[in-house]
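Asker: Here the working numbering is used: the first residue of the sequence shown is 14, the next is one more, and so on. The structure under discussion is supplied below as structure tokens; questions concerning it will follow.
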Amino acid sequence: MGKVLFWVVAFLGGLLATRVLAQVAAKKMYNDSLPKQAGTQRVVEAEAMVRCAHCGLHLPESEAISKAGANFCSQAHATLGAKSPR
Ligand SMILES: [Zn+2]
């Protein structure tokens, strides 16, 4: 009887130790990957803003229409051209 009890306790102790070690390893991996992901997101979010040469609207550079060295918010404003600043 004592022998069986010893093996049950040894088995449960081994399971507990494995779980604790796995949790520590998972937490360490999560903490290591967290700053890198945040840095990548910050780079993706920071997009250059440009000003429409006709109406002055600010918009992301990827959505702007470039014409004759100026940026415009829409095809209509690109056709109308740059308006002289007041
Ligand atoms: Zn515009």
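By construction, the Cβ of each residue, glycine as well, lies at the ideal position given by its N, Cα and C atoms. Since this is a predicted model, take the numbers as computed values, not measurements.
Is any beta-carbon of chain C found at less than 8 Å from that of S46?
Answerer: The structure shown contains no chain C, having only a single protein chain.
Asker: Does the distance between the C-beta of S79 and the nearest non-hydrogen atom of ligand 1 fall short of 7 Å?
Answerer: no
Asker: Can you tell me whether L112 is helix, strand or coil according to DSSP?
Answerer: For residue 112 there is no data in the structure shown, the boundaries of the chain being 14 and 99.
Asker: So what's M62 in DSSP terms, helix, strand or just coil?
Answerer: strand
Asker: Are there 16 or more other CB atoms within 10 angstroms of the CB of A77, so buried, or fewer, so exposed?
Answerer: buried
Asker: Using a Cβ-Cβ cut-off of 8 Å (strictly less than) and excluding sequence neighbours within five positions of C68, which residues of its own chain qualify?
Answerer: C86, H90 and K96
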